[in-house]
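K.L.:
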Amino acid sequence: ATWNEYGSPAFNTSRALAADADAIDAAFLFGDVSYATGYQSVWDDYLEIIAPWAAALPFLVNPGNHEYDYVRSAWTGHAGGGGGTAGTAGGTAVYADPYGGVDSGGECGVPVERLLPGPTPASSVPGAYVAILGPITLVSMNTEVDFRTGSPQWTWLDQALGSIDRTRTPWVLFAGHRPGLVDSDWGKSCIGVDTTEDDRAWTCGPKKPPFGKGNEGDAAADIRDASDVGVALEFQAHVWPLLMEHRVTAVFSGHNHVYQRHCAFDPAREGSGIDSHLGRIRALGPGEDADDAARAEYGKAGGCVARPSRIRIGGDDEGEEWWVYDEPKAPVSLVVGSAGAGFTRNSVFSLTKGTETCEFCEVVMYEFGYLRVAVANETHLRCEFVETQRGDGAVLDRFYITQRGVTGAEGAEG
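Just so you know, the sequence shown maps onto residues 2 to 415 in our numbering.
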């Protein structure tokens, strides 16, 4: 990110990527790209910052709230904006964002789509596309467009995931801006919250913009809950079943300015907490939100299908510490939103200094950096979180995801 509400530009991360560019085949940013919020000069500065490395390799992005979201009156005549279906602009359909906020400053996804276009052919939903990167298929979604079951985006995601040839690309990665799983108190249940004792009582419940000022009339009737927990619940009810059905390896997101690594998660698993609430969440009507009972059950350890095991490579005492997800039967979840400036620390684990445990978390850290993902072979995916603030390039987290060979070539990296 550059500046505005979120502090200084991400010079350090860009310098680190430029220094490592020869070893990088592609880069992906999970939304909230420049934070220009309508100021072209900020886009100019951002593009100059990233040019040393982004000009040398494929740079993929999907839209975040700071590229896409704006009041409903700005989307009149387009799908979800009131008074129309999906219009077109330059051959791409135009869909209203479901949250009705003002975070893009009126950009409505136009600059990011024109300045940093994605691969083609793609979905009619901007920011939803498939990229083939060697042995990896990367499926990108736009969390700022309706993704509920039966929506154009949901239908496209189902078809895109279902058409992947795993003999050609044995690894399938999925990415969107807002997390489908995240340790955050933004949108937590209000059950048991004491407004006189809890200094973060204001974070509980759904989060929507006030009625009026561009959000009024019929178009505002279906504005969705934009809180972390609210979005994650809808994501788990509508999108996560697709990830399970199509055996996605890992799901990546940003939005929260934090690095989090989670267990391999399935919200439909008995004991997940919300397994009994998913049907009701899918059936929510216009303007309806997940209730406090569902929010109270969000993120229970029972949703963890697999936890990683700890190993050392290179010696018991002096070797590197790695964590291994051994053939997980659900996607490993990651939030990597720490490449740019810091922001509000919503992690319950962090807020309570560890006295409240994130039941699905393996790692939560507020460190600036990026995640390096490499295919070791058909059965081992290697990932390292590299810090960029201090400038020494220290690796702060290392993990493998393994799977059975698809084409018969087995074996670990030497």
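Glycine included, each C-beta is placed from N, C-alpha and C at the ideal position. Model, not experiment: these values are computed from the prediction.
1) Looking at C-beta atoms only, is the number of pairs between the segment 228-243 and the segment 187-201 that lie closer than 8 Å three or more?
2) Mind the definition here: the segment 391-402 touches the segment 285-295 only if three or more C-beta pairs lie below 8 Å; say whether that holds.
3) Based on the DSSP secondary-structure assignment, which residues constitute the bridge partners of F266?
4) Classify F253 as helix, strand or coil using the three-state DSSP reduction.
5) Which runs of the beta strand (DSSP E) spanning at least 3 residues fall entirely within the segment 8-38, listed in chain order?
6) If you reduce the DSSP assignment to three classes, tell me which class I224 lands in.
7) Which partner residues does A132 have in the DSSP bridge list?
8) Given a cut-off of 9 Å, decide if V387 and L372 are closer than it, judged by their beta-carbon atoms.
9) Measure the CB-CB distance between K209 and I224 and report whether it falls below 9 Å.
10) Identify, in the order they occur along the chain, each residue of the same chain with its Cβ nearer than 6 Å to the Cβ of V146, setting aside the five sequence neighbours on each side.
11) What are the boundary residues of the beta strand (DSSP E) that includes H258?
12) With 16 as the cutoff for other CB atoms within 10 Å, does A284 come out buried or exposed?
13) Applying the 10 Å Cβ sphere with the 16-neighbour rule, what's the burial state of F12?
14) Say whether the segment 365-384 touches the segment 297-313, bearing in mind that this needs 3 or more beta-carbon pairs closer than 8 Å, one atom from each stretch.
15) How far does the alpha helix (DSSP H) with D104 in it reach, from first residue to last?
16) For the alpha helix (DSSP H) containing W1, list its first residue and its last residue.
17) Report buried or exposed for S277, applying the criterion of at least 16 other Cβ atoms within 10 angstroms of its Cβ.
18) Using three-state DSSP, classify L174 as helix, strand or coil.
19) Can you tell me whether T138 is buried or exposed, with buried defined as 16 or more other CB within 10 angstroms of its CB?
20) So what does DSSP say about I282, is it helix, strand or coil?
21) Among F212, S339, C384, which has the Cα closest to the Cα of L30?
22) Taking T156 as the reference, which of I165, V240, P120, N216 has the closest Cα?
23) Is the separation between the beta-carbon of A233 and that of V333 shorter than 9 Å?
24) Can you tell me which residues form a DSSP beta bridge with F400?
25) If I'm right that V252 touches L243 with Cβ under 8 Å, what's the distance once you round it to whole angstroms?
26) Please confirm whether G128 and Y47 have their CB atoms less than 9 Å apart.
27) Where G177 and G206 are concerned, what is the direct C-alpha to C-alpha distance, given to the nearest angstrom?
P.N.:
Let's see:
1) yes
2) no
3) C305
4) strand
5) 28-30
6) coil
7) L139
8) yes
9) yes
10) Y96, V126, Q154
11) Run containing H258: none; DSSP gives neither H nor E here.
12) exposed
13) exposed
14) no
15) Run containing D104: none; DSSP gives neither H nor E here.
16) What the structure shows of the chain is the stretch from 2 to 415, and residue 1 is not part of that stretch, so it cannot be assessed.
17) exposed
18) strand
19) buried
20) helix
21) S339
22) V240
23) no
24) W324, C384
25) About 10 Å separates the two Cβ atoms, so there is no contact after all.
26) no
27) 23 Å
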